[in-house]
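The sequence shown runs 8 to 188 under our numbering.
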Amino acid sequence: MKIHIMGASGSGTTTLGQALGRTLSLRHLDTDHYYWLPTHPPYQEKRPPSQRQALLLTDLNAETGVVVSGSLVGWGPEIENAFDLIVFLYLPASIRVARLHQREVARYGKVDPAFLTWASQYDEGQAEGRSLSKHQAWLAERTSQILLLEQDLTVAERMAAVIAAIHHLSPQPAAFGSHFI
């Protein structure tokens, strides 16, 4: 079982990915680990696309059960089409930005205003990188089953929805088209 969890920054993709990994005994991978080079402070230097793709493919192919959190838009079809289930998390900007503010203060003792501005523009699609319109277009191109979670649910509620979706996965090959759950 290969699961991809995606959504805006602050929507809970990493938290859900970690929880599912623990509960379902799946290896959890986060795209930030592959996208960014290890720096101090973190998230300062991007890894070249070919390197991040090769690293993630190696880890994806080494596992029969994996959950990947983060955005994979533009990572190439071999990675983008590798999943049995894609979970899309959506929350309003006000909730996401408040969560990000709390997270950044807890991690770093301060908040980068430019980061919060970037994250708050997800719905409008004006910032470089992740946007709601890019994610929706990407989802429309997928052949995997897709679970949309568009409410402010607890981690336990989200996990229950994902586990229910896993039980309803179609035994048909993915080539039959996208299935929204």
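Virtual Cβ for every residue (Gly too), placed ideally from N, Cα, C.
Spatial neighbours of Leu176 in its own chain (CB-CB distance under 8 Å, excluding positions within 5 residues in sequence) are listed in chain order as Asp91, Leu92, Gln152. Beyond the five residues adjoining it in sequence on each side, Ser18 comes within less than 7 Å, by CB distance, of Leu96, Tyr97, Leu98, Arg103 in the same chain, given in chain order. Note on Gly132: under 16 other CB atoms within 10 angstroms of its CB, so exposed under the neighbour-count rule.
No Cβ-Cβ contact shorter than 8 Å links Val80 with Lys9. For the options Val169, Asp39, Asp119, Gly72, the alpha carbon positioned closest to that of Gln60 is the one of Asp39.
Put simply, the backbone Cα of Thr124 is about 15 Å away from that of Leu139. DSSP places Met13 inside the beta strand (DSSP E), whose first and last residues are 9-14. In the DSSP annotation of this structure, the continuous segment of the beta strand (DSSP E) that includes Arg34 starts and ends at 34-37.
Counting only runs of at least 4 residues, the region 75-155 fully encloses the following alpha helix (DSSP H) elements, listed from N- to C-terminal order: 84-87, 100-115, 120-127, 139-147.
Here Ala126 is near Ser16, since their CB atoms are less than 8 Å apart.
Residue environment analysis places Val162 among the exposed positions, since fewer than 16 neighbouring C-beta atoms fall within 10 angstroms of its C-beta.
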